[in-house]
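2 protein chains.
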Amino acid sequence: MIKVVVDCFGGDNSPKANVEGALEALSEYSKLYVILTGDEEKINAELQGKSYDKDRLQIIHAPSVIGCDEKPTDAIRQKRDSSMMAAIDLLRTDDTVAGMVSVGSTGALIAAATLRVGRLQGVMRPAFCPVLPDMHDGVVGICDSGATVDCPPEMLKQFAVMGSIYLQSAFNIENPRVGLLNVGAEEEKGDKLRKEVYPLLAAEPNIYFVGNMEARDLLSGDYDLVVCDGFSGNVLIKSTEGTALEMLKLLKRSIYSSWKYKLGAAFQKKMFSDIKQTMNYQNYGGSVILGTRKTVVKGHGSSSAKAIKICIEQVCSAENAKMNEKIEKTLSLPAENKEIFSKL
Amino acid sequence: MIKVVVDCFGGDNSPKANVEGALEALSEYSKLYVILTGDEEKINAELQGKSYDKDRLQIIHAPSVIGCDEKPTDAIRQKRDSSMMAAIDLLRTDDTVAGMVSVGSTGALIAAATLRVGRLQGVMRPAFCPVLPDMHDGVVGICDSGATVDCPPEMLKQFAVMGSIYLQSAFNIENPRVGLLNVGAEEEKGDKLRKEVYPLLAAEPNIYFVGNMEARDLLSGDYDLVVCDGFSGNVLIKSTEGTALEMLKLLKRSIYSSWKYKLGAAFQKKMFSDIKQTMNYQNYGGSVILGTRKTVVKGHGSSSAKAIKICIEQVCSAENAKMNEKIEKTLSLPAENKEIFSKL
């Protein structure tokens, strides 16, 4: 049995989507056990009239909710009775729990996971690793994209190792192609940090390092994992999302500016809905926090039931693939004795 | 008379577009004097049969060309007889020259401008400042976007001052709204560098600092200038360009995948051409190198004649607005005596 905790509050469609997503996952996977955290009455209202295996679902009452506008470090200290902190407490205290899913405040979740759940042995700092559709039917992970903004070189090497093991475990990518985010492709390019990180990645036997990567090639399909400090990774993912969104808006404004364009768009309805699906990152699951003792998946704030279900599956995939065990083992190996990557 | 040097080689459409752009500018501005650098025979072949004021055009022969794949520091040392270095030499030696335009190697141009043309008094390091259309009929500058990848806090303050004066001078934006590129909007956000830069920008009287800016808001129309170190600025601009390009490709692939979508697109021909124009950064001129003694404008490698002409206009606008003089004066003022911003 795999036990997954679902924080039922904090999202745009909470608790409805959270509860429904959990029930969908429960009905599909007979070896799944779900613990829902949050206001019990509201959760029960959502469960009302639904059929599900009551032996595999449990509710932990936690009446308050951490808002996205609250300062993370204050919120996790002051709102111990929140749905998110109740889930985090289970990760900390219950050894049988595999991980959790939340669609609440990203900052609070990263802070709570880091400070309360604790790190895997050998991990300097956890990393936040979202995965984007690369518009070529593949995905690309960005590690780190904001958990740690000031990083020494060794930390980026750990991000590369953890991210690679994650993409293997959750996306079945056998040898993830790792690119180092940089200002140019040539080996000698970059700032002080990048110049120090490059040889570390090149010498690391447990990753498939393909060299420097420029930001414009993120969606080229040539990389499975981008390694970067949390500051530039955050810039990378937010500018990618922002540009895609502004372009869709521009397209929409343009179509609505003339009856002729609207007429043309009438022939393209399915096309636009397909494009939206290609770009819909909810189809690819949530962002995982790597390096914590339990798997923590952060779904998008506007997650649907289907998206929540995919996040739950991510926790299960990581558990089945023994992701955290592999991370610990790989990081603790002495350099000359590595290469366990494919053997685990 | 304003003297502008045009490096005629190194672009996809060189020397044709470079020469034609120079001639267009010459015919429009009676106070413009243009010096063309490059292979004299090839330049003369382009001039053949064209009518222009021969008293305001000069050619300086320079037979070689710096390629985009050459290592910048090597190229500028070894290819003294290149069209780019001939232009740079004029900037260095001829006091009557206002600036130059090149569409050649960005790396070589930045290196040559920094090392050969020299800095304005008080400038720590030059900055590379491209300006993008923000999809809301405005523009947004990114300073620095790759000239200097390791920056102390004071340098970012200088980027803010230089970028503001540039947007005033070349784009008539009276009080450019300056955002500090960061991982969140709140004041306390960021890495060590951003935490040190924020109070410096907040205390600087010669800029209109509006606070931290997230990468996703680059094209929101809420900012005129983004201040960042060259590493994250490079990530920002390249991911924005890359995403826009990948989205256009996805749209094109989608339209061509069915006769029905193609039929729809037949009604939208003008719309797509308008969108391309909105997004065509060539309409907004080149990227300027700020902080060097003369104005250096880098046009896109694929610049058309029209784009080259706009780049020449940028040098003239900067000269007319006394941009470099303002930068020097503003940076040299003691802190308590600033506020000359609007008075100059």
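Going line by line, the protein sequences match chains A and B. FYI, the numbering for the first sequence is 2 to 345, going by our numbering. FYI, the numbering for the second sequence is 2 to 345, going by our numbering. The C-beta atom is built at its ideal place from N, Cα and C for all residues, glycine as well.
### Query
Which chain B residues sit within Cβ distance under 7 Å of glutamine 269 (chain A)?
Tyr262, Gly265
### Query
When the Cα atoms are used, what is the spatial distance from lysine 295 (chain B) to isoleucine 3 (chain B)?
12 Å
### Query
Does DSSP put glutamine 59 (chain A) in a helix, a strand or coil?
If DSSP states are grouped into helix, strand and coil, glutamine 59 (chain A) belongs with the strands.
### Task
Check the Cβ-Cβ distances between alanine 245 (chain A) and every residue of chain B, and say whether any is below 8 Å.
yes
#### Entry: Residues that leucine 157 (chain A) contacts on chain B, provided the C-beta gap is smaller than 9 Å
Ordered by position in chain B, no residue passes the 9 Å Cβ test against leucine 157 (chain A), which lies about 13 Å from the chain.
### Query
In its own chain, which residues sit with a C-beta less than 7 Å from the C-beta of glutamine 122 (chain B), not counting the 5 before and 5 after it?
Glu329, Ser333
### Task
Could you run through the region 277-288 of chain A and flag, in chain order, every residue whose CB is less than 9 Å away from some CB of chain B?
Thr279, Met280
#### Entry: First through last residue of the alpha helix (DSSP H) which encompasses tyrosine 199 (chain B)
Bounds of the alpha helix (DSSP H) holding tyrosine 199 (chain B) are 193-204.
### Task
Return the CA-CA distance between leucine 202 (chain A) and glutamine 59 (chain A), expressed in angstroms with no decimal places.
About 44 Å.
### Query
Between A:Met163, A:Leu194, A:Ala216, which lies nearest to tyrosine 209 (chain A) when the distance is taken from Cα to Cα?
A:Met163
### Query
Should the region 222-237 of chain B be called in touch with the region 153-161 of chain B, which here means at least 3 C-beta pairs below 8 Å?
yes
### Task
Quick one: list the residues of chain B neighbouring threonine 241 (chain A), beta-carbon separation under 7 Å, in chain order.
Ser240, Thr244
### Message
Against chain A, with Cβ distances strictly below 8 Å, would lysine 299 (chain B) count as a contact?
### Response
Not an interface residue.
### Message
So with CB distances below 8 Å, who are the chain B contacts of glutamate 21 (chain A)?
### Response
Per Cβ cutoff of 8 Å: no residues; glutamate 21 (chain A) is ~29 Å from chain B at best.
### the region 291-305 of chain A contacting the region 99-112 of chain A, beta-carbon criterion three pairs below 8 Å
yes
### Query
Based on the DSSP secondary-structure assignment, which residues constitute the bridge partners of aspartate 8 (chain B)?
B:Thr38
#### Entry: Straight-line gap, isoleucine 77 (chain A) to tyrosine 282 (chain B) (C-alpha atoms, nearest Å)
45 Å
### Which residues DSSP lists as bridging arginine 296 (chain A), in chain order
One detail in the question is off: residue 296 (chain A) reads as threonine in this sequence, not arginine. According to DSSP, threonine 296 (chain A) bridges with A:Gly100.
### Contacts of aspartate 275 (chain B) in chain A (Cβ-Cβ under 8 Å)
Ser255
### Task
Drop a sphere of 10 angstroms on the beta-carbon of leucine 264 (chain B), count the other beta-carbons inside from all chains shown, and report buried for 16 or more, exposed for fewer.
exposed
### Query
Name the chain A residues that come within less than 7 Å of glycine 147 (chain B), Cβ to Cβ?
Taking the beta carbon of glycine 147 (chain B) as reference, the chain A residues within 7 Å of it are Val184, listed in sequence order.
### Neighbour list for phenylalanine 232 (chain B) in chain A, Cβ cutoff strictly below 7 Å
Val184, Asp192, Ser233
### Message
On the criterion of 16 or more Cβ atoms from any shown chain inside 10 Å, does phenylalanine 342 (chain A) qualify as buried, or is it exposed?
### Response
Here the model assigns phenylalanine 342 (chain A) a pLDDT of 42, short of 50, so the residue's position is not dependable, and the following value carries that caveat. Buried is the call here.
### Task
Buried or exposed for threonine 97 (chain B), please, with buried defined as at least 16 other CB atoms from any protein chain shown within 10 angstroms of its CB.
The residue in question, threonine 97 (chain B), is exposed, as its Cβ has fewer than 16 Cβ neighbours within 10 Å.
### Nearest-angstrom Cα separation, counted from leucine 246 (chain A) out to asparagine 19 (chain B)
35 Å
### Query
Helix, strand or coil: how does DSSP classify asparagine 183 (chain B) here?
strand
### Query
Taking buried to mean at least 16 other C-beta atoms within 10 Å of its own C-beta, is lysine 239 (chain B) buried or exposed?
Per the 10 Å Cβ criterion, buried.
### Task
Check leucine 110 (chain B) in the structure and name its three-state DSSP category.
DSSP, read as helix, strand or coil, puts leucine 110 (chain B) in helix.
### Query
Would DSSP call leucine 168 (chain A) helix, strand or coil?
Under the three-state reduction of DSSP output, leucine 168 (chain A) falls in the helix class.
#### Entry: Best match in B:Ile311, B:Tyr262, B:Ser233, B:Asn325 for proximity to glycine 292 (chain B) [C-alpha to C-alpha]
B:Asn325
### Query
Cα-Cα, which of A:Lys72, A:Arg126, A:Lys253, A:Ala26 is closest to serine 146 (chain A)?
A:Arg126
### Contact list for arginine 78 (chain A) against chain B, beta-carbon separation under 7 Å
Those within 7 Å of arginine 78 (chain A) in chain B number zero; the least Cβ separation is about 16 Å.
### Task
Classify glutamate 94 (chain A) as buried or exposed, calling it buried when 16 or more other Cβ atoms lie within 10 Å of its own Cβ.
Correcting the residue type first, residue 94 (chain A) is threonine in the shown sequence and not glutamate. Classification for threonine 94 (chain A): exposed.
### Query
Mind pulling the chain A residues with CB within less than 7 Å of methionine 248 (chain B)?
Ala245, Met248
### Query
Of all the options A:Leu92, A:Thr107, A:Lys32, which has the alpha carbon lying nearest to the alpha carbon of lysine 72 (chain A)?
A:Thr107
### Query
Under three-state DSSP, which class holds asparagine 213 (chain B)?
strand
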